[in-house]
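S.K.: Starting off with a structure, shown below.
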Amino acid sequence: MHTATDEELSIPQSIVSSRIAQWRMATGLLQGVVLYFLYWSAKHTGWPSSHLYLFASLVMTFLFVPALFVSGLGHLEKRRIAIWMVGAIAVCVLLTLHDIWRSGMGNGEWRFFGNTSTGYSPSGWLLFFLPAGLYIAHALVLSGAADKRRIASYSSYFEISWKLIIQIMFSLLFTGVLWLILWLGSALFMLVKLRFLQDLLGKPWFVVIVTTFAFATALHVTDVRPGIVRGIRGLLLVLMSWLLPVTTLIVGGFLVSLPFVGLEPLWATRHATSVLLGATAVLVLLINATFQSGELGKQIARVLRVVARAACILLLPMVLIAIYSLTLRVEQYGWTNDRIIAAAGLLIAICYAVGYLWAACERGTWLARIAPTNVITAFMILAVLIALFTPIADPARLSVASQMARLESGKVGAAEFDYAYLKFEGARYGNDALQVLKTRTTGNDAATIRTLAETALNRKNKWDRNEGNPAANAASRVKNMTVWPKTESLPEDFLQQDWNKDATATECLRYQNRHCNAYLNDLNGDGRTDILLKDENRYSPIAVFTANTTTGQWQLSGYIRGARCKDMMEAMQAGSYQLVVPEFKDLEINGRRLHFEPKNSDETKCAEDRR
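According to our numbering, the sequence shown is numbered sequentially starting from 312.
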């Protein structure tokens, strides 16, 4: 069995020739020229930006693939590097094409460079996970080439993966420092009224080409100085390994505290899954920093060996709690893009947790089973990423199907259903679903569904939920507001009053298709009925409207906050509430009245939040 040595993992000195250096520099220069050409094309709407599928594929390819080529030169044979580059280009192109298709913007324009306010730009998840996946695949390819095997030894995977990480980090640092120096130089020349460098730094062609050339240069320099990189890696891993005891103590303390405090405080945070998943990722990273290639064994301090074994055991309960947390959220609210991404992360995390527990249970060895676990999981990560960024497990497709199933089953009412999610988070699947809902003719809520679906389709701004929603009138207000008790009705002058220009008025008074519950009562004891409006947003306060005794006009007098729990709303609808005298009097200062707020006012927990 052949295992690559340190010398084999670096470029042999006989191969490190000026020609390889020239190829690397030329690659960085070519990358900059092509990216600037694409930038220029997008700014001037010329070819190839007029063909979005081609243009976006070129952008994503030349953003990431040249770095792989620079890194692979001298380590891969011509045939192997050619095959790998073709494969990497194919992945970039196919995932980009799918990203455009799912966005529904295939006939639109590119807006990544800010040339238009509408159109296509790569999804944030693609921009994050595509380079991550290429990094993992590149490490696997280089390791296999170094060992001359399809599946390399773990020591080769360890050496090359950490070497690549350090190369990338220092190349980014080198490029950043270079730009700081250039800006410092421009400031110095400006002291003597010479603007040439400042003007040059403002030229897009200069910025793009210098950045890519500097990054390629840094990759080359770090590649031909393997001893320096290895020393930095060793120092980094030693420092990180001594963070493992602290992290293990914190995670262990957290798990020990759960039987005493229960899980409800955890569910109340509403982001328990992401925190648990993040803590698990940190533990895995620090365990690997301690384990390293697995060949050090007893050279590692005894305390670190004990702590690493304990940390391996703690992973499984952390992941199981995170899975339970996510399950509760999905049962309550269905699948969303973020929850599907979290589920994919948990699938990977459970592989690490089970494998590391398997390693911790083995006696007489230094966690040797971590090595095969890491290799298997690396391939699984690539498979999961391919599934997420293709129709196989597209989060938008799965989440839209889940949300539509909740609507069809009645788990969520037609008025409360999040149509905006389908429009802005569901990609083409969500918009197709809205088109179907817009034509619905069957069911008790068909009219409501049609109206709200059409309103969502007309929206352009994700954050303005009233965009495209017609202004309310007296008839729509009667339709939008449910009065409690139902034997009562809202005053006609309240419905007829022009609320459309009053920005402080509740949305159901100003816009159609916005529902409110209205409660009639005399809050101030003046013998006149007051109106309490609570809109469909559970976190919004109750708006109190009173009639002006002089003009007869209705006005917004204030708010009652804190009524956000489902059981509280049900009690108000049933009339099971009372008007009570305040326990503490108000404080009046210079004509302004301040209300007493109990210290536990923010500690009220709704039953539906305890997940």
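Don't be surprised by glycine CBs; every beta carbon is placed ideally from N, CA and C.
Terminal residues of the continuous beta strand (DSSP E) containing residue 792?
M.R.: First-last of the beta strand (DSSP E) with residue 792: 792-795.
S.K.: For residue 854, name the three-state secondary structure that DSSP assigns.
M.R.: Residue 854 falls in the strand class under three-state DSSP.
S.K.: Bridge partners of residue 827, per DSSP?
M.R.: Beta-bridge pairing links residue 827 to 792, 846.
S.K.: Rounded to whole angstroms, what's the CA-CA distance from residue 524 to residue 332? Just pull it up for me.
M.R.: The straight-line gap from Cα to Cα measures roughly 12 Å.
S.K.: Residue 866 bridges to which residues according to DSSP?
M.R.: DSSP, once it has assigned bridges, lists 857 as partnering residue 866.
S.K.: Do residue 637 and residue 660 count as a contact pair if the criterion is CB distance below 9 Å?
M.R.: It is not a contact, given that the beta carbons lie outside the stated cut-off.
S.K.: Can you give the Cα-Cα distance for residue 532 and residue 399, rounded to whole angstroms?
M.R.: C-alpha separation (whole angstroms): 24 Å.
S.K.: Taking just the CA atoms, how far does residue 726 sit from residue 431?
M.R.: Cα-Cα distance, rounded: 31 Å.
S.K.: Output the distance between the C-alpha atoms of residue 472 and residue 513, rounded to the nearest integer angstrom.
M.R.: Going by the C-alpha atoms only, they are around 36 Å apart.
S.K.: What ranges does the alpha helix (DSSP H) occupy inside the segment 314-399, keeping only unbroken runs of at least 4 residues that lie completely in it?
M.R.: For the segment 314-399, whole alpha helix (DSSP H) runs of length 4 or above, ordered along the chain, are 317-320, 329-354, 363-383.
S.K.: Along the beta strand (DSSP E) that carries residue 611, what are the first and last residues, could you check?
M.R.: From DSSP, residue 611 is part of no beta strand (DSSP E); its letter is neither H nor E.
S.K.: Kindly identify the DSSP beta-bridge partner or partners of residue 905.
M.R.: Partner(s): 898.
S.K.: Identify which residue in 860, 841, 863 has its Cα closest to the Cα of residue 853.
M.R.: That would be 841, whose Cα lies nearest to the Cα of residue 853.
S.K.: If you count every other CB in all the chains shown that lies within 10 Å of the CB of residue 559, and 16 or more means buried, which is it?
M.R.: Buried, since its Cβ has 16 or more Cβ neighbours within 10 Å.
S.K.: Measure the C-alpha to C-alpha separation of residue 552 and residue 745 and round it to an integer number of angstroms.
M.R.: Taking the straight line joining both Cα atoms gives about 51 Å.
S.K.: Going by C-alpha distance, which of 555, 587, 623, 334 is nearest residue 614?
M.R.: Nearest C-alpha to residue 614: 555.
S.K.: Tell me the rounded alpha-carbon separation between residue 414 and residue 739.
M.R.: For residue 414 and residue 739, the distance between alpha carbons rounds to 6 Å.
S.K.: On the CB-based measure, 16 or more other CB atoms within 10 Å of its CB, does residue 774 come out buried or exposed?
M.R.: Exposed, by the Cβ-count rule.
S.K.: Which runs of the alpha helix (DSSP H) fall wholly inside the segment 651-732 and span at least 4 residues, in chain order?
M.R.: Here the runs fully enclosed are 681-699, 706-720.
S.K.: With a 10 Å radius around its C-beta and 16 neighbouring C-beta atoms as the bar for buried, classify residue 403 as buried or exposed.
M.R.: Buried, because 16 or more other Cβ atoms sit within 10 Å of the Cβ of residue 403.
S.K.: Do the segment 854-862 and the segment 883-896 make contact, defined as three or more Cβ pairs closer than 8 Å?
M.R.: Judged by Cβ distances under 8 Å, the segment 854-862 makes no contact with the segment 883-896, as fewer than three pairs qualify.
S.K.: Less than 8 Å between C-beta atoms, sequence neighbours within five positions excluded: which residues of the same chain meet that for residue 753?
M.R.: No residues qualify anywhere along the chain.
S.K.: Does any CB atom of chain D fall closer than 9 Å to the CB of residue 501?
M.R.: This model lacks chain D altogether, as it is built from one protein chain only.
S.K.: What runs of the beta strand (DSSP E), each 3 residues or longer, lie entirely inside the segment 447-513?
M.R.: Segments of the beta strand (DSSP E) lying fully in the segment 447-513: there are none.
S.K.: What residues in its chain sit with their C-beta under 7 Å from that of residue 816, if we drop five residues either side in the sequence?
M.R.: 810, 867, listed in sequence order.
S.K.: Which class does residue 412 belong to by DSSP, given the choice of helix, strand or coil?
M.R.: Correct three-state label for residue 412: helix.
S.K.: Once you ignore the five residues that flank residue 427 on each side, which residues in its own chain have a CB closer than 6 Å to its CB?
M.R.: For residue 427, the predicted model reports a pLDDT of 46, less than 50, meaning its position is unreliable; a value from the coordinates is still stated below. If we look at residue 427 and ignore the five residues flanking it on each side, its Cβ neighbours are 420.
S.K.: Please state whether the Cβ-Cβ distance between residue 831 and residue 799 is less than 9 Å.
M.R.: Going by C-beta atoms, residue 831 is nearer than 9 Å to residue 799.
S.K.: Count the other CB atoms within 10 Å of the CB of residue 646; is the residue buried (16 or more) or exposed (fewer)?
M.R.: That one is buried.
S.K.: Name the one or two DSSP bridge partners that residue 431 has.
M.R.: The partner list for residue 431 (beta bridge, DSSP) reads 421.
S.K.: Does the structure place the segment 683-698 close enough to the segment 660-674 that three or more beta carbon pairs sit under 8 Å?
M.R.: Yes, the segment 660-674 is in contact with the segment 683-698.
S.K.: With a threshold of 16 other CB atoms inside 10 Å of the CB of residue 335, please say whether the residue is buried or exposed.
M.R.: Result: buried.
S.K.: Is the beta carbon of residue 701 sitting closer than 9 Å to the one on residue 650?
M.R.: Cβ atoms of residue 701 and residue 650: not closer than 9 Å.
S.K.: Are the beta-carbon atoms of residue 710 and residue 736 separated by less than 9 Å?
M.R.: Their beta carbons are under 9 Å apart, which means residue 710 touches residue 736 by this criterion.
S.K.: So what's residue 833 in DSSP terms, helix, strand or just coil?
M.R.: It is coil, neither helix nor strand.
S.K.: Who are the Cβ neighbours of residue 697 in its own chain at under 7 Å, not counting the five residues just before and after it?
M.R.: None.
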